[in-house]
Amino acid sequence: MDISELEQKAREVRKRIIRMNSAAGQGHTGGDLSETDILVALYFRILRQIDPTRTNPDRDRFILSKGHGVGGYYCTLAEAGYLEDEDLTTYLGFETRCPGHPVRQKTPCIELNTGALGHGVPVSVGMALSAKRQQKDFRVYVLTGDGELQEGSNWEAALSAQQYCLDNLVVIVDRNRLQLADRTENIIGLEPLADKWRAFGFDVQETQGNDMGSVVSTLEGLDFTCGCPHVVIANTTKGAGISFIEDRPAWHHRVPKGDEVALAIAELEA
Ligand SMILES: Cc1ncc(C[n+]2csc(CCOP(=O)(O)OP(=O)(O)O)c2C)c(N)n1
Ligand SMILES: [Mg+2]
């Protein structure tokens, strides 16, 4: 799929997010929208041997460590045909395939139950190490929030990733500079973030995380034989794509209501 087709997919995913969150009356709209382009790039172009049943041992793995962003993930999976449109109408409902955080036992494709922040990167390190030990060439991609990096578990995992030369590991940071209620730099600052990862022995790449061309060329440009783990700092805007949602802390856990739905869809179709 070429870049303009991927961009169209991302617009469709964003429309699904707006409609799904609005109908459910709850959701993490800002975080769903900031990660959309990354998820579309992964599921429509980057991941090899995608297997919704997770039985193919050679499939690339993806872990959504920022589990509260699962709405954007379900909408991507539906757009790619791994969930039904119907499933999205049951988001957050009783016995749904689409609960409020990722649950492996309920939903196709999901590799790891997440939601308590700070666990995806450590588990990804284990998966990437297991690939090395089994001499398999699958890759492990993990998407973490930037606020999430305040969890110390990530940095312990980074030490291990360097120790084991895990060049099959790609940590993608959704660097939208917002966490739950405020800017990351006002709570526990992360800068200089790239230098921190470099000091932990990572190959560090930066990308414009809401620009499909930039995301794809960065992910496709990684050298999987370099002997060190990768981090892609994806500079994003929380709420990307909808002007009145972008970069506003209140939209961390808000959903469009009333006229906002039509306004948001109109912006996406403009
Ligand atoms: C261990 C843990 N602490 C707190 C929370 C509550 N929580 C959910 S989302 C969130 C903010 C996450 O911010 P960030 O990682 O930057 O994600 P994004 O901006 O992409 O939504 C917090 C604190 C949690 N889920 N897990
Ligand atoms: Mg954030």
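Per our numbering, the sequence shown runs over residues -4 to 265.
The C-beta atom is built at its ideal place from N, Cα and C for all residues, glycine as well.
For residue i, which residues of its own chain have a beta-carbon under 7 angstroms away from its beta-carbon, when the five flanking residues on both sides are left out?
{"i": "M122", "result": "R56 and V135"}
{"i": "F39", "result": "M(-4), L1, K4 and A75"}
{"i": "C223", "result": "Q157, C160, D162, G196, F197 and D198"}
{"i": "R178", "result": "R172"}
{"i": "R9", "result": "L28, T31, G236 and L263"}
Specify, as a first and last residue, the run of the beta strand (DSSP E) that residue i falls within.
{"i": "I12", "result": "Looking at the DSSP string, I12 is not in any beta strand (DSSP E); the run it does join, the alpha helix (DSSP H), is I(-2) to A19."}
{"i": "E201", "result": "D198 to Q203"}
{"i": "A229", "result": "H225 to N230"}
{"i": "I182", "result": "Note, I182: premise wrong, no beta strand (DSSP E); alpha helix (DSSP H) at T179 to I182."}
{"i": "L138", "result": "V135 to G140"}
How would you write the range of the alpha helix (DSSP H) that residue i sits in, first residue to last?
{"i": "N149", "result": "S148 to Q158"}
{"i": "E30", "result": "T24 to A36"}
{"i": "D218", "result": "Neither: D218 is in no alpha helix (DSSP H) and is coded neither H nor E."}
{"i": "L59", "result": "Where L59 is concerned, there is no enclosing alpha helix (DSSP H), although the beta strand (DSSP E) it sits in stretches over R56 to L59."}
{"i": "Y69", "result": "V65 to E74"}
{"i": "V98", "result": "Unbroken run through V98: none, as it is neither H nor E."}
{"i": "I260", "result": "D254 to E264"}
{"i": "V166", "result": "Note, V166: premise wrong, no alpha helix (DSSP H); beta strand (DSSP E) at L164 to R170."}
{"i": "G222", "result": "Neither: G222 is in no alpha helix (DSSP H) and is coded neither H nor E."}
{"i": "L161", "result": "It is not in any alpha helix (DSSP H) - L161 carries neither H nor E in the DSSP assignment."}
{"i": "V118", "result": "G115 to R128"}
{"i": "A245", "result": "Segment: none, A245 is in no alpha helix (DSSP H) and carries neither H nor E."}
{"i": "A194", "result": "L188 to A194"}
{"i": "D80", "result": "D80 to L83"}
With distances taken between CB atoms, is the gap from residue i to residue j smaller than 8 angstroms?
{"i": "A229", "j": "G204", "result": "yes"}
{"i": "L154", "j": "L185", "result": "no"}
{"i": "T231", "j": "D190", "result": "no"}
{"i": "H225", "j": "V137", "result": "no"}
{"i": "G67", "j": "L28", "result": "yes"}
{"i": "I167", "j": "V116", "result": "no"}
{"i": "C104", "j": "P52", "result": "no"}
{"i": "T24", "j": "R243", "result": "no"}
{"i": "G62", "j": "G110", "result": "yes"}
{"i": "L78", "j": "M15", "result": "no"}
{"i": "E146", "j": "L112", "result": "yes"}
{"i": "G64", "j": "G26", "result": "yes"}
{"i": "V210", "j": "I33", "result": "yes"}
{"i": "R11", "j": "C70", "result": "yes"}
{"i": "I45", "j": "L214", "result": "no"}
{"i": "Q21", "j": "L87", "result": "yes"}
Only counting the same chain, and skipping five residues up and downstream in sequence, which positions put a Cβ closer than 8 angstroms to that of residue i?
{"i": "H114", "result": "S60, L107 and S148"}
{"i": "T85", "result": "T91, R92 and C93"}
{"i": "V276", "result": "Beyond the ends of the chain as shown, which are -4 and 265, falls residue 276; an answer cannot be given."}
{"i": "G234", "result": "T24, G25, L28, S29, I240, E241, D242, R243 and W246"}
{"i": "I182", "result": "G142, Q145 and Q174"}
{"i": "I(-2)", "result": "M207, G208 and V211"}
In chain order, what residues of the same chain lie with their CB nearer than 6 angstroms to the CB of residue i, ignoring the 5 residues before and after it?
{"i": "P251", "result": "I13, S17 and A259"}
{"i": "I237", "result": "A259 and E262"}
{"i": "I58", "result": "E106, L107, G115, S119 and V137"}
{"i": "T102", "result": "R92"}
Applying the 10 Å Cβ sphere with the 16-neighbour rule, what's the burial state of residue i?
{"i": "N266", "result": "Here the chain has residues from -4 to 265 only, and residue 266 is not among them."}
{"i": "A152", "result": "buried"}
{"i": "A19", "result": "buried"}
{"i": "F239", "result": "exposed"}
{"i": "A265", "result": "exposed"}
{"i": "Q174", "result": "buried"}
{"i": "Q200", "result": "buried"}
{"i": "R193", "result": "exposed"}
{"i": "F133", "result": "buried"}
{"i": "A257", "result": "exposed"}
{"i": "T202", "result": "buried"}
Just checking: is the beta-carbon of residue i within a distance shorter than 8 angstroms of some beta-carbon in chain D?
{"i": "G20", "result": "In the displayed structure, chain D is absent; only one protein chain is listed."}
Relative to ligand 4, is the shortest distance from any of its heavy atoms to the C-beta of residue i smaller than 7 angstroms?
{"i": "A73", "result": "What this structure holds is ligand 1 and ligand 2, not ligand 4."}
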